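Here the structure comes first, spelled out in structure tokens, and everything after it is commentary.
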Amino acid sequence: MSVFIFILVAYLAHGLTASTVEVRPVSAEHSGTFLGNRKYRAHHAIDRNWRSKVMTSYGGDNLGTWLRLDLGGEFCVEYVEIWHYLHITNYRSTFTCSEGAENCGSCEGYCGKTTPLTVTVYSSGDESGDEEQGCRRGDTVQVRSHQAHMLSFHEVKVYAKLDD
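Right, here's the structure in full:
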């Protein structure tokens, strides 16, 4: 019983509800590694190591610069957190993925003050993403700068509704 209470308190302390869970992506890729340096590879965005970070090269491709996360299955994503600088909440952007929105457009916090970002959730092969009550359903999360600015993050976290 005490373990259950501890887990519940941990969820509530992080702003999670009993129906929201963190989804750990199974892989990450991006438009190009900054200077080809392996310490900035895409997987660092999901490695849970606050000392590592992902950095893309400038320019990217015809989509701009981007980071794409494979969730390993389809989830109803409620929000995506992007930690721009270590584990400091002043540098966290939280993009809410609500129904009726094409992207996860509502952002609170740091919100890419120097580089406007677009966060989308979709299923492989269908870049539109299905909407549901208060979330976007898909197996892929993409963070993109249409202006081809460098993307630099310490961690990207994805939170989804717990399926019934």
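For what it's worth, this note's numbering labels the leading residue of the sequence shown as 13, then goes sequentially.
Even glycine gets a Cβ: it sits at the ideal position worked out from N, Cα and C.
All values derive from a computational prediction rather than experimental measurement.
Closest by C-alpha distance to residue i, when choosing among the options
i: glycine 121; options: Glu114, Ser105, Phe46 and Gly76; result: Ser105
i: arginine 36; options: Gly48, Gly44 and Leu83; result: Leu83
i: lysine 65; options: Ile94, Thr77 and Glu34; result: Ile94
i: valine 38; options: Trp62, Tyr134, Thr68 and Leu81; result: Leu81
i: lysine 44; options: Ser136, Gln154, Thr68 and Val133; result: Rather than lysine, the amino acid found at residue 44 in this sequence is glycine. That would be Thr68, whose Cα lies nearest to the Cα of glycine 44.
i: arginine 156; options: Asn49, Asn61 and Thr77; result: Thr77
i: leucine 153; options: Asp175, Thr127 and Phe87; result: Correcting the residue identity first, residue 153 is valine in this sequence and not leucine. Taking only the C-alpha atoms, the option nearest valine 153 is Phe87.
i: leucine 163; options: Asp175, Arg50, Thr127 and Gly48; result: Thr127
Anticipated Cβ contact below 8 angstroms, residue i with residue j, distance rounded
i: lysine 173; j: glutamate 90; result: 6 angstroms
i: phenylalanine 161; j: tyrosine 70; result: The amino acid occupying residue 161 in the given sequence is histidine; phenylalanine does not appear at that position. About 7 angstroms separates the two Cβ atoms, so the contact holds.
i: cysteine 123; j: arginine 148; result: That belief does not hold up - the Cβ atoms of cysteine 123 and arginine 148 are roughly 18 angstroms apart, past 8 angstroms.
i: alanine 177; j: leucine 75; result: In the structure as shown, the chain starts at 13 and stops at 176, and residue 177 therefore has no counterpart that could be examined.
i: glycine 150; j: valine 133; result: 4 angstroms
Separation of residue j from residue i, as counted between CA atoms
i: phenylalanine 107; j: serine 118; result: 6 angstroms
i: histidine 6; j: aspartate 59; result: Absent from the structure is residue 6, since the part of the chain shown begins at 13 and ends at 176.
i: glutamine 159; j: glutamine 145; result: 31 angstroms
i: phenylalanine 18; j: histidine 166; result: Here phenylalanine 18 scores only 36 on pLDDT, less than 50, and its place in the model should not be relied on; the value that follows carries that caveat. Taking the straight line from one Cα to the other gives about 27 angstroms.
i: lysine 125; j: tyrosine 171; result: 22 angstroms
i: asparagine 102; j: glutamate 34; result: 21 angstroms
i: tyrosine 97; j: glutamate 41; result: 20 angstroms
i: leucine 129; j: glycine 85; result: 24 angstroms
i: threonine 32; j: aspartate 175; result: 9 angstroms
Helix, strand or coil at residue i according to DSSP, with G and I counted as helix
i: arginine 149; result: strand
i: alanine 160; result: coil
i: tryptophan 83; result: According to the sequence as given, residue 83 is leucine; it is not tryptophan. Correct three-state label for leucine 83: strand.
i: serine 135; result: strand
i: isoleucine 19; result: Because isoleucine 19 sits at a pLDDT of 39, beneath the cut-off of 50, its placement in the model cannot be relied upon, and the following sentence gives the value as read from the coordinates. The answer is helix: DSSP assigns isoleucine 19 an H, G or I state.
Whole beta strand (DSSP E) elements within the stretch 98–129, 3-residue minimum: 104–108 and 118–121
Would you mind listing the beta strand (DSSP E) stretches within the stretch 26–77 that are 3+ residues and don't spill past its ends, in chain order? 32–35 and 39–42
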